[in-house]
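Q: Handing you a structure now.
Have a look at this one:
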């Protein structure tokens, strides 16, 4: 049902195709985040036009609003949000640990209060899979616990729980048209990461995800963990680095063998008037752009850069017009989606892609 | 430079073409309002796709932000906002009287404080024309004073001032590629409206506008004034009914010989989660739509209705997602733009268009 074919490699970097019943996914790929069944401010038509092929939606948010059973009644998430390409849902675990108001973790699951209305809910691996089966994305995730990377003792407890939950997630699954990915945890401890990579890759998951990175550790630690984990994971399965997505992270991630990325950064930056460019990250509210007739980025072919000046976008920001967020989201998402697409093409043609390094100027 | 040709009539209703250097305008036409050089939440591409051919922008707002001189430096409003079809700017008068914080009117002009930062400014007919020449729309308006329709004594003063300002607006004009329209005032007093229609249509304006209606009077008074004024205005010039635009108003306006309409209603309703439909006006936040798989309006061919269910739009509203406003704006604008287009086609084909009456269910 699910196959991953490596078409070309360059060092550890790989270009491949992940086959699913709903369609093929070319990797490496950057997935925009559509938290509440919408990539903020964009229509699916705009998302398609900017080249997105995979969108991530959040299980925690959709479970609370509008409810996974309602989405199932409406024909599933593809039909509900009218996104004709591939969808991925996370397990809800990360949001329960980061957003929910109070939570109580035990070996069976997590009890938490909704950040929307304070009501009490409980997620277990079985519940997370049931919700994700109702939502009906093409790629779904095992329920996991993400620990603080700087608390090694707790990292081990969280990792071991994640392993038990991975087995229970596999058992709970009833649909055969969804690829369930296992998640590797272990914080920044090399021994724990090694153990987690070995254990999770021993289970019959069609894809593997690396969780718990970019949550407070240094870039060096992130990259070291990536190198370690990817040296253990099988070449025959796609690797998804969860929630990571500065331009630098994408480049360094692909270089270390990552195939799938997602991140809220492009749309969050857009809401703060910021944009990626070959001159570095720009804040378009800056008065310096009031009469600037250039596009955000001269080298960019997105709708925003093909059409509008920095002066116009600054005017929209100052006048508090929502179109500013839309135009900046289009540009930022296009930049990351196409950065990864261009790297993929370079890997296939065995070209050097260090040129993409300009995006390092956009580092945090 | 400007010509208005009547292609067909049905009673007082007419279908025509207004020729301008920038392009032809098919009338009757409904113009979406792009107050601050953007029709709220929509890209120009979305606006074009829904069939808009004329957009109104507000002189008062653009003078304050980003400034008409900046817009001129950026190549004018067409280029600044990247709207490839026709543009109309109002004179700024209505906003000065309705939005500005304090104002002092004399025979020469109006001194007012900005609603943005409280700074003091002065508009005169000459200043309004200079600003509109900087903005560079295809149709511009004479500076006028809109009075309260229920204060007859003041209506006369405002009307007489509007007439002097109409003459001064004509004299102030230096560009030949913009059609300057004169504005008829006179409140709801038949004698004043008659005098104003006769006076303003005696001046060499290529088009005439009816101002000061839909500002507090009854529908019956509006329609009576329209019938009176249009019986006086020459057949050879386009007639623009300013700021009026419920579906009922459009139908009754065309029937009484109006060619051009604009109104913020479709986008304002969108921001309040409301939509036109053949079942009447709907509020999509209503829980009744939570599982409703129908489009907003079954008979509508807009992107929103072709693509999304009421259930999805309600979810976006409840989840406070901006896409809700975009999708509702597309639908509401499409509805009015195409209502008027369909009436135009019916006039040309000499078909009955009472069928469009369904939209009366959306009356205020």
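Protein chains in written order, with our numbering: chain A, 355 to 718; chain B, 355 to 718. For glycine and all other residues, C-beta sits at the position ideal for the given N, C-alpha and C.
Looking only at its own chain, which residues have a Cβ that is under 6 Å from the Cβ of residue 595 of chain A, when we skip the five neighbours before and after it?
A: For the purposes of this step, residue 595 of chain A is identified with residue 241 of the first chain, where counting begins at 1. Excluding residues up to 5 positions away in sequence, 564, 607, 612 and 615 lie with their Cβ nearer than 6 Å to the Cβ of residue 595 of chain A in the same chain.
Q: Just to confirm the assignment, what range does the beta strand (DSSP E) spanning residue 678 of chain A have?
A: As a working mapping, residue 678 of chain A is identified with position 324 in the first chain. Taken as a continuous stretch (DSSP letters only), residue 678 of chain A belongs to no beta strand (DSSP E), being part of the alpha helix (DSSP H) at 677-702.
Q: Considering only the beta carbon of each residue, do residue 381 of chain B and residue 369 of chain B sit closer than 8 Å?
A: The residue you call residue 381 of chain B lines up with position 27 of the second chain. The residue you call residue 369 of chain B lines up with position 15 of the second chain. Yes, they are a contact pair.
Q: With the cut-off set at 8 Å, would you say residue 384 of chain B and residue 599 of chain B are in Cβ contact?
A: The residue labelled residue 384 of chain B in the question sits at position 30 within the second chain. The residue labelled residue 599 of chain B in the question sits at position 245 within the second chain. The Cβ atoms of residue 384 of chain B and residue 599 of chain B lie closer than 8 Å to each other.
Q: So with CB distances below 8 Å, who are the chain B contacts of residue 645 of chain A?
A: One-based indexing of the first chain puts residue 645 of chain A at position 291. The answer, in chain order, is 424, 427 and 428.
Q: Which chain B residues sit within Cβ distance under 7 Å of residue 663 of chain A?
A: Along the first chain, one-based indexing puts residue 663 of chain A at 309. Result: 428.
Q: Check whether the Cβ atoms of residue 449 of chain A and residue 415 of chain A sit closer than 8 Å, and answer yes or no.
A: Taking the first chain and counting its residues from 1, one reaches residue 449 of chain A at position 95. Taking the first chain and counting its residues from 1, one reaches residue 415 of chain A at position 61. In contact: residue 449 of chain A and residue 415 of chain A (Cβ atoms closer than 8 Å).
Q: Can you tell me whether residue 570 of chain A sits near the ligand SAM, meaning its C-beta is under 7 Å from at least one heavy atom of the ligand?
A: Although the ligand SAM was asked about, the structure shown includes no ligands whatsoever.
Q: Provide the residue span of the alpha helix (DSSP H) that contains residue 475 of chain B, from first to last.
A: Looking up residue 475 of chain B in the second chain gives position 121. No alpha helix (DSSP H) holds residue 475 of chain B; the beta strand (DSSP E) holding it covers 474-477.
Q: Closer than 9 Å by beta-carbon distance: list the chain A residues that pair up with residue 672 of chain B, in chain order.
A: If you number the second chain from 1, residue 672 of chain B lands on position 318. The contact set of residue 672 of chain B on chain A, defined by CB atoms closer than 9 Å, consists of 419 and 420 in chain order.
Q: Leaving aside the five residues before and after residue 610 of chain A along the sequence, list all residues of the same chain whose C-beta is less than 6 Å from its C-beta, in chain order.
A: Walking along the first chain from the start, residue 610 of chain A turns up at place 256. Answer for residue 610 of chain A: 366, 580, 581 and 584, listed in chain order.
Q: Closer than 7 Å by beta-carbon distance: list the chain A residues that pair up with residue 434 of chain B, in chain order.
A: Taking the second chain and counting its residues from 1, the one referred to as residue 434 of chain B is at position 80. Ordered by position in chain A, the residues that pass the 7 Å Cβ test against residue 434 of chain B are 666.
Q: Any idea if residue 718 of chain B is buried or exposed, counting beta-carbon neighbours within 10 angstroms, 16 or more meaning buried?
A: Against the second chain, residue 718 of chain B aligns to sequence position 364. Because residue 718 of chain B sits at a pLDDT of 46, beneath the cut-off of 50, its placement in the model cannot be relied upon, and the following sentence gives the value as read from the coordinates. Residue 718 of chain B counts as exposed, since fewer than 16 other beta carbons sit within 10 angstroms of its beta carbon.
Q: Quick one: measure Cβ to Cβ for residue 687 of chain B and residue 620 of chain B, integer angstroms, because I've assumed they're closer than 8 Å.
A: If you number the second chain from 1, residue 687 of chain B lands on position 333. If you number the second chain from 1, residue 620 of chain B lands on position 266. Rounded, the Cβ-Cβ distance is 5 Å, consistent with contact.
Q: Using a Cβ-Cβ distance under 8 Å, would residue 677 of chain A count as near chain B?
A: The residue labelled residue 677 of chain A in the question sits at position 323 within the first chain. At least one chain B Cβ lies under 8 Å of residue 677 of chain A.
Q: Is the Cβ of residue 391 of chain B closer than 8 Å to any Cβ of chain A?
A: The residue you call residue 391 of chain B lines up with position 37 of the second chain. Cβ-Cβ to chain A under 8 Å: yes for residue 391 of chain B.
Q: Are the CB atoms of residue 386 of chain B and residue 401 of chain B within a distance shorter than 8 Å?
A: By one-based count along the second chain, residue 401 of chain B stands at place 47. By one-based count along the second chain, residue 386 of chain B stands at place 32. For the 8 Å CB-CB criterion, residue 401 of chain B and residue 386 of chain B form a contact.
Q: Give the range of the alpha helix (DSSP H) segment to which residue 314 of chain B is assigned.
A: Nothing about residue 314 of chain B can be read from this structure; chain B reaches only from 355 to 718.
Q: Curious, which full-length beta strand (DSSP E) runs of at least 3 residues does the stretch 467-524 of chain B contain?
A: Complete beta strand (DSSP E) runs here, min 3: 474-477 and 493-495.
Q: Which one or two residues does DSSP pair with residue 381 of chain B in a beta bridge?
A: Indexing the second chain from 1 puts residue 381 of chain B at position 27. Answer is B:370.
Q: Check whether the stretch 509-521 of chain B touches the stretch 529-546 of chain B, counting contact only when three or more Cβ pairs, one atom from each stretch, lie closer than 8 Å.
A: Three or more Cβ pairs drawn from the stretch 509-521 of chain B and the stretch 529-546 of chain B lie within less than 8 Å of each other, which places the two stretches in contact.
Q: Of the residues A:422, A:655 and A:625, which one's Cα is nearest the Cα of residue 671 of chain A?
A: Position 317 of the first chain holds residue 671 of chain A. Ranking A:422, A:655 and A:625 by Cα distance to residue 671 of chain A puts A:625 first.
Q: Along chain B, which residues have their Cβ under 8 Å away from the Cβ of residue 394 of chain A?
A: Your numbering for residue 394 of chain A matches position 40 in the first chain. Per Cβ cutoff of 8 Å: 675, 676 and 677.
Q: Would residue 689 of chain B count as contacting chain A if we go by Cβ distances under 8 Å?
A: The residue you call residue 689 of chain B lines up with position 335 of the second chain. No, residue 689 of chain B lies away from the interface with chain A (no Cβ there is under 8 Å from its Cβ).
Q: Less than 8 Å between CB atoms is the rule here; does residue 626 of chain A satisfy it with respect to chain B?
A: Position 272 of the first chain, counting from 1, holds the residue named residue 626 of chain A. It does not: the Cβ of residue 626 of chain A has no partner Cβ on chain B nearer than 8 Å.
Q: Would you kindly check if the distance between the Cβ of residue 676 of chain A and the Cβ of residue 679 of chain B is under 8 Å?
A: Along the second chain, one-based indexing puts residue 679 of chain B at 325. Along the first chain, one-based indexing puts residue 676 of chain A at 322. Yes, Cβ-Cβ distance for residue 679 of chain B and residue 676 of chain A is below 8 Å.
Q: I'd like to know whether the C-beta of residue 637 of chain B is nearer than 8 Å to at least one C-beta of chain A.
A: For the purposes of this step, residue 637 of chain B is taken as the residue at position 283 of the second chain. Chain A, which has no Cβ nearer than 8 Å to the Cβ of residue 637 of chain B, makes this no.
Q: Reducing DSSP to helix, strand and coil, say where residue 573 of chain B ends up.
A: The residue labelled residue 573 of chain B in the question sits at position 219 within the second chain. If DSSP states are grouped into helix, strand and coil, residue 573 of chain B belongs with the helices.
Q: In chain A, which residues lie with their C-beta within 8 Å of the C-beta of residue 475 of chain B?
A: For the purposes of this step, residue 475 of chain B is taken as the residue at position 121 of the second chain. Contacts between residue 475 of chain B and chain A, judged by CB atoms closer than 8 Å, are missing: the closest CB pair is about 17 Å apart.
Q: Return the first residue and the last residue of the alpha helix (DSSP H) that residue 661 of chain A is part of.
A: On the first chain, residue 661 of chain A is found 307 positions in, with the first residue counted as 1. Note, residue 661 of chain A: alpha helix (DSSP H), 657-661.
Q: From this set, A:445, A:707, A:692 and A:701, which residue's C-alpha is nearest residue 406 of chain A's C-alpha?
A: Within the first chain, the letter at position 52 stands for residue 406 of chain A. Measuring from the Cα of residue 406 of chain A, the nearest candidate turns out to be A:692.
Q: Between which two residues does the alpha helix (DSSP H) holding residue 553 of chain B run?
A: Taking the second chain and counting its residues from 1, one reaches residue 553 of chain B at position 199. Its alpha helix (DSSP H) spans residues 544-556.
Q: Quick one: list the residues of chain A neighbouring residue 621 of chain B, beta-carbon separation under 9 Å, in chain order.
A: Start at 1 with the first residue of the second chain, and residue 621 of chain B comes out as number 267. Listed along chain A, no residue sits closer than 9 Å to residue 621 of chain B by beta-carbon distance, the nearest being about 11 Å off.
Q: Kindly indicate if chain B contains any beta-carbon less than 8 Å away from that of residue 397 of chain A.
A: As a working mapping, residue 397 of chain A is identified with position 43 in the first chain. Cβ-Cβ to chain B under 8 Å: yes for residue 397 of chain A.
Q: Can you give me the C-alpha to C-alpha distance between residue 706 of chain A and residue 426 of chain B, rounded to a whole angstrom?
A: Sequence index remark: in the first chain, residue 706 of chain A carries index 352 (1-based). Sequence index remark: in the second chain, residue 426 of chain B carries index 72 (1-based). Cα to Cα, residue 706 of chain A sits roughly 45 Å from residue 426 of chain B.
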